[in-house]
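Q:
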Amino acid sequence: MPELPEVEVVRVGLEPAVTGALVTSVTVFDARSLRRHPGPSEDFVDRLVGRTIAAAVRRGKFLWLPLALSEIQETGDRVDRIRGVSGLTAAPSPEFPKEAVVVHLGMSGQVLLRAPDAPDDALTRIRIELVSPAHGALLLNFADQRIFGSMAIDDLVPTADGFRAGLGAEAPHVPRSVSHIARDPLDPAFDDARFLAALAKRNTGIKRAMLDQSLVSGIGNIYADEALWAAKVHFEQPTSSLGRAKATLLLSEVRQVLGKALGEGGTSFDAQYVNVNGASGYFSHSLNVYGQQGKPCPRCGRPIIRESFMNRGSHFCPLCQRLR
DNA sequence: CGTTGGCCCTGATCGC
DNA sequence: TGCGATCAGGGCCAAC
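Take 12 as the starting number for the first sequence in the numbering used here and just add one per residue.
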């Protein structure tokens, strides 16, 4: 269940390897992972092979790889580009990229960088072969058990606020399919006052609001439960009755838990491969309530309760987190 | 338009 | 040993 910290670990791992890298080959093993791509597998492959990746950008749980503009689009000659190395040293285009590969990990997606001769990772749905300026030939394997994740090529459109699109972005351009996603709390352009005002206007439970990616992005079930526990708020507390002070505290705790998880999950690029996934040491050591049902609350000792909510589990302390 | 419930999807695990 | 039941939940969308 990758959330903001896990996706950011992936982005940080990808960035040095894919920036400036040329896509030499794409293999689609399971077209269901292209569910969000507006076209058949062949279209995805054709539009990607021969292109150069300009960056690795993240907003909330969405990751995207802007595709550099190149003379290929003008000449239509991709084969020469693939054969030569001129593409790796070509002067960058003064214009911003117009499209990107959008990646969402869903519930179980992983992006793995491997040596060219490495065996396929289990459950690899899409394999992208790259030649990276920094690391030479590489495989980028997209593996996904439950196929809630996806890859797609999408147009880049201007951001609503005119600021750069997310972490790792130079351009104020976001994929069309991500444009309705709010900024995340670790984004410097996240507007606290605007978020608090929007939250107060909502007429729903606080956890549902926290999980609504069009209000605030990057928070999933795990970190929602952890932040609510830290702020001593019941997950069904109506947003309208939360109060400005509690809402401010909650936002602060969200940042705290996301930042701590990110710090514990940081994995950097290795010469041969980068192996990043959601199961960092954080999960087994730092969780206070998620998956801790029956165990004592670290704050008061009362057993943690798990309740079903929105087809998910909600974990909380019945004493520390009471409805007000 | 805001809110809500339900659905998608499959490998790992468990009980019998 | 086999097999069916259960479980995990992010994002989307129809329905209210």
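All residues carry an ideal CB built from backbone N, CA and C; glycine is no exception.
Which word fits residue 203, buried or exposed, when buried means at least 16 other C-beta atoms lie within 10 angstroms of its C-beta?
A: Translated into positions along the first sequence, residue 203 becomes position 192. Its Cβ having fewer than 16 others within 10 Å, residue 203 is exposed.
Q: So residue 162 and residue 12 are supposed to be a Cβ contact under 8 Å. How far apart are they, rounded?
A: Your numbering for residue 162 matches position 151 in the first sequence. Your numbering for residue 12 matches position 1 in the first sequence. Contact flag wrong, Cβ pair sits at about 19 Å.
Q: I think residue 114 touches residue 74, with their Cβ atoms under 8 Å apart; what is that distance to the nearest whole Å?
A: What you label residue 114 is simply residue 103 of the first sequence in a count that begins at 1. What you label residue 74 is simply residue 63 of the first sequence in a count that begins at 1. So it is a contact: roughly 4 Å between Cβ atoms.
Q: With DSSP run on the structure shown, which of helix, strand or coil describes residue 33?
A: Locating residue 33 in the first sequence gives position 22, counting from the first residue. Looking at residue 33 - three-state DSSP - the assignment turns out to be strand.
Q: Can you name, in chain order, every residue of its own chain whose Cβ lies under 7 Å from the Cβ of residue 237, other than the five neighbours on each side?
A: In the first sequence, the residue the question calls residue 237 occupies position 226. Within the same chain, residue 237 has close Cβ partners 268, 298, 299, 300, 301.
Q: To the nearest angstrom, how far is the alpha carbon of residue 318 from that of residue 156?
A: For this step, residue 318 is matched to residue 307 along the first sequence. For this step, residue 156 is matched to residue 145 along the first sequence. Spanning the two alpha carbons is a distance of roughly 26 Å.
Q: For residue 61, count the other beta carbons within 10 Å of its own beta carbon; 16 or more makes it buried, fewer makes it exposed. Which is it?
A: Along the first sequence, read from residue 1 onward, the residue named residue 61 stands at position 50. Classification of residue 61: buried, given that the 10 Å Cβ count is 16 or more.
Q: If you draw a straight line from the C-alpha of residue 15 to the C-alpha of residue 231, how long is it?
A: The residue you call residue 15 lines up with position 4 of the first sequence. The residue you call residue 231 lines up with position 220 of the first sequence. Straight-line Cα distance between these residues: approximately 8 Å.
Q: Using a threshold of 9 Å, state whether the C-beta atoms of residue 59 and residue 107 are closer than that.
A: Numbered from 1 along the first sequence, position 48 holds the residue referred to as residue 59. Numbered from 1 along the first sequence, position 96 holds the residue referred to as residue 107. For residue 59 and residue 107, no; Cβs fall outside 9 Å.
Q: Among the candidates 29, 326, 65, 323, whose CA atom is the shortest distance from the CA of residue 146?
A: For this step, residue 146 is matched to residue 135 along the first sequence. It is 29.
Q: My understanding is that residue 136 touches residue 153, with C-beta atoms under 8 Å, so please give their C-beta distance in whole angstroms.
A: Stepping through the first sequence from its first residue, residue 136 is reached at position 125. Stepping through the first sequence from its first residue, residue 153 is reached at position 142. About 6 Å; that satisfies the 8 Å criterion.
Q: Compare the beta carbon distance of residue 37 and residue 63 with 9 Å and say whether it is the shorter of the two.
A: Along the first sequence, read from residue 1 onward, the residue named residue 37 stands at position 26. Along the first sequence, read from residue 1 onward, the residue named residue 63 stands at position 52. No, the pair does not count as a contact, with Cβ atoms beyond the cut-off.
Q: Is residue 206 helix, strand or coil by DSSP?
A: For the purposes of this step, residue 206 is identified with residue 195 of the first sequence, where counting begins at 1. Helix.
Q: Checking the sheet assignment: what are the DSSP bridge partners for residue 233?
A: Numbered from its first residue, the first sequence carries residue 233 at position 222. DSSP output for residue 233 lists no bridge partner at all.
Q: Let's see if you can read the secondary structure: which residues bound the beta strand (DSSP E) around residue 181?
A: Counting from 1 along the first sequence, the entry for residue 181 is found at position 170. Looking at the DSSP string, residue 181 is not in any beta strand (DSSP E), and its letter there is neither H nor E.
Q: Where do the ends of the alpha helix (DSSP H) carrying residue 59 lie?
A: For the purposes of this step, residue 59 is identified with residue 48 of the first sequence, where counting begins at 1. Segment 52 to 59, the alpha helix (DSSP H) holding residue 59.
Q: Thinking C-beta only, is residue 199 closer than 9 Å to residue 262?
A: As a first step, residue 262 is located in the first sequence; it is residue number 251 there, counting from the start. As a first step, residue 199 is located in the first sequence; it is residue number 188 there, counting from the start. Taking 9 Å as the Cβ cut-off, residue 262 and residue 199 do not qualify as a contacting pair.
Q: Excluding the 5 residues flanking residue 233 on each side, which residues of the same chain have their C-beta closer than 7 Å to its C-beta?
A: Within the first sequence, the letter at position 222 stands for residue 233. Same-chain partners within the cutoff: 12, 14, 301.
Q: Is residue 68 near residue 111, with beta carbons less than 9 Å apart?
A: The count along the first sequence starts at 1 and reaches residue 68 at position 57. The count along the first sequence starts at 1 and reaches residue 111 at position 100. Yes; because the gap between Cβ atoms is below 9 Å, this pair is in contact.
Q: Apart from the five residues just before and just after residue 309, which ones in its own chain have a Cβ nearer than 6 Å to its Cβ?
A: As a first step, residue 309 is located in the first sequence; it is residue number 298 there, counting from the start. Here the set comprises 299.
Q: Out of 226, 322, 42, 227, point me to the one whose CA is closest to residue 158's CA.
A: In the first sequence, residue 158 corresponds to position 147, counting from 1. Ranking the options by Cα distance to residue 158, first place goes to 42.
Q: Heavy atom of the ligand GDP less than 8 Å from the Cβ of residue 214, yes or no?
A: As presented, the structure is devoid of all ligands, the ligand GDP included, so that no description of it is given.
Q: Can you check which of these residues, 322, 320, 323, 327, is closest to residue 307 by C-alpha distance?
A: In the first sequence, the residue the question calls residue 307 occupies position 296. Nearest C-alpha to residue 307: 327.
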